[in-house]
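Visitor: Numbering (my numbering), first residue to last: 2 to 289. Cβ atoms here follow ideal geometry from the backbone N, Cα and C, with glycine treated the same way.
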């Protein structure tokens with residue numbers, strides 16, 4: 002009897018390899034240029050401990066727009082201001098979407114969070130924010146003076162250190178947080194304020210949990226990975242709960258003094274819009 006198993010095995014190996022090569026080449030032909038990786042894991046093993054530096058070096062070879070495969074997911078990476086502006090501004094309607102059938106890092110905060118909204122669900126609150134920022138004076142001299150006023154503490158902090166080497170992260174965090182809270186709820190915090198220190202701690206917890214593996218991984222593999230890293234998952238969920246408590250306290254404080262005829266910031270406009278029945282914004286902007 003003729004042993005045909007070796008021939009079948011050889012044919013199977015050849016077919017699998019040929020199919021894999023064809024698939025990779027066909028897929029590459031439809032995508033921007035980029036490095037080839039390994040089957041299944043893609044280019045992930047070659048990113049090293051500093052993926053940003055690695056990607057920066059790759060951009061010198063592959064240009065402003067490149068494609069990289071990580072753990073079975075294709076990522077298109079924009080490496081220049083011009084490419085980012087074209088994608089997010091000029092063609093913003095096309096690139097504003099997010100995969101609705103894929104798990105990602107932001108999904109742990111829940112399904113109804115602005116971080117994962119897309120399409121019409123995203124455009125409605127975006128329009129709300131931009132239109133009401135205009136009403137608050139964005140682009141006008143008074144608005145600029147208000148922003149410069151927030152920066153005064155940063156300028157003084159730098160002057161006080163007389164150009165000496167120093168960790169300026171605290172004062173930069175203060176400026177960033179104050180810019181957001183000034184627009185949202187007309188509040189400003191000193192870097193010695195307990196509330197500021199608490200917000201800063203929550204933000205640090207978020208970023209410390211977002212190890213480079215977590216930030217790059219999406220899709221179903223990440224969903225299973227998270228099941229084995231419960232510490233980061235629990236920390237982030239607890240952080241989200243504390244942020245929610247902070248926002249709830251702002252809402253209760255504002256509702257006690259709210260006057261819809263005298264809206265001072267985005268929170269006032271948010272409360273005003275959320276109380277209107279049968280509005281498109283109502284499903285997105287509610288205080289529940």
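Report the partner residues of residue 148 according to the DSSP bridge assignment.
Guide: Against the chain shown, residue 148 aligns to sequence position 147. DSSP, once it has assigned bridges, lists no residue as partnering residue 148.
Visitor: Check each candidate in 153, 200, 256 and name the one with the smallest Cα separation from residue 268.
Guide: As a first step, residue 268 is located in the chain shown; it is residue number 267 there, counting from the start. Comparing Cα positions, the closest option is 256.
Visitor: Sorted by chain position, which residues of the same chain lie with C-beta nearer than 8 Å to residue 66's C-beta, five sequence neighbours on each side aside?
Guide: By 1-based counting over the chain shown, the position of residue 66 is 65. Same-chain partners within the cutoff: 33, 77, 78, 79, 80, 84.
Visitor: Under 7 Å between the Cβ atoms of residue 172 and residue 158?
Guide: As a first step, residue 172 is located in the chain shown; it is residue number 171 there, counting from the start. As a first step, residue 158 is located in the chain shown; it is residue number 157 there, counting from the start. Yes.
Visitor: Pop quiz: residue 189 and residue 179 are said to be a contact at Cβ under 8 Å. What is the actual Cβ separation, rounded to whole angstroms?
Guide: Residue mapping note: residue 189 aligns to position 188 of the chain shown, counting from 1. Residue mapping note: residue 179 aligns to position 178 of the chain shown, counting from 1. Sure, about 5 Å apart at Cβ, within 8 Å.
Visitor: Can you give the Cα-Cα distance for residue 94 and residue 209, rounded to whole angstroms?
Guide: Walking along the chain shown from the start, residue 94 turns up at place 93. Walking along the chain shown from the start, residue 209 turns up at place 208. Their backbone Cα atoms lie some 32 Å apart in a straight line.
Visitor: Between residue 273 and residue 261, how many whole angstroms is the CB-CB distance? I'm expecting something under 8 Å.
Guide: As a working note, residue 273 is residue 272 in the chain shown. As a working note, residue 261 is residue 260 in the chain shown. With a Cβ gap of about 5 Å, residue 273 and residue 261 count as contacting.
Visitor: How many angstroms separate the CA atom of residue 139 from the CA atom of residue 72?
Guide: The residue given as residue 139 occupies position 138 in the chain shown. The residue given as residue 72 occupies position 71 in the chain shown. If you take the alpha carbons of residue 139 and residue 72, they lie about 43 Å apart.
Visitor: CA-CA distance, residue 61 and residue 137?
Guide: The count along the chain shown starts at 1 and reaches residue 61 at position 60. The count along the chain shown starts at 1 and reaches residue 137 at position 136. Straight-line Cα distance between these residues: approximately 42 Å.
Visitor: Rounded to whole angstroms, how far is the Cβ of residue 49 from the Cβ of residue 55, which I believe are closer than 8 Å?
Guide: Stepping through the chain shown from its first residue, residue 49 is reached at position 48. Stepping through the chain shown from its first residue, residue 55 is reached at position 54. Residue 49 to residue 55, Cβ: 5 Å. Contact.
Visitor: Who are the near neighbours of residue 251 in its chain, counting only those whose CB is closer than 6 Å to its CB and skipping five residues on each side?
Guide: Along the chain shown, one-based indexing puts residue 251 at 250. Answer for residue 251: 186, listed in chain order.
Visitor: For residue 270, collect the residues of the same chain with a Cβ closer than 7 Å to its Cβ; drop the 5 residues on either side in sequence, then sort them by chain order.
Guide: Looking up residue 270 in the chain shown gives position 269. Once the five neighbours on either side are set aside, the close Cβ partners of residue 270 are 133, 264.
Visitor: If you follow the beta strand (DSSP E) that residue 69 is in, where does it begin and where does it stop?
Guide: On the chain shown, residue 69 is found 68 positions in, with the first residue counted as 1. It spans 66 to 71 - the beta strand (DSSP E) in which residue 69 sits, taken as one unbroken run.
Visitor: Look up residue 74 in the DSSP assignment and give the residues it is bridged to.
Guide: As a first step, residue 74 must be located in the chain shown, where it is residue number 73. Answer is 71, bridged to residue 74.
Visitor: DSSP three-state label for residue 43, please.
Guide: Counting from one through the chain shown, the residue named residue 43 turns up at place 42. Three-state result, residue 43: strand.
Visitor: How is residue 137 classed by DSSP in three states: helix, strand or coil?
Guide: By 1-based counting over the chain shown, the position of residue 137 is 136. Residue 137 falls in the coil class under three-state DSSP.
Visitor: Helix, strand or coil for residue 204, going by three-state DSSP, please let me know.
Guide: On the chain shown, position 203 is the one that residue 204 refers to. In the structure shown, residue 204 sits in a helix (DSSP, three-state: H, G or I).
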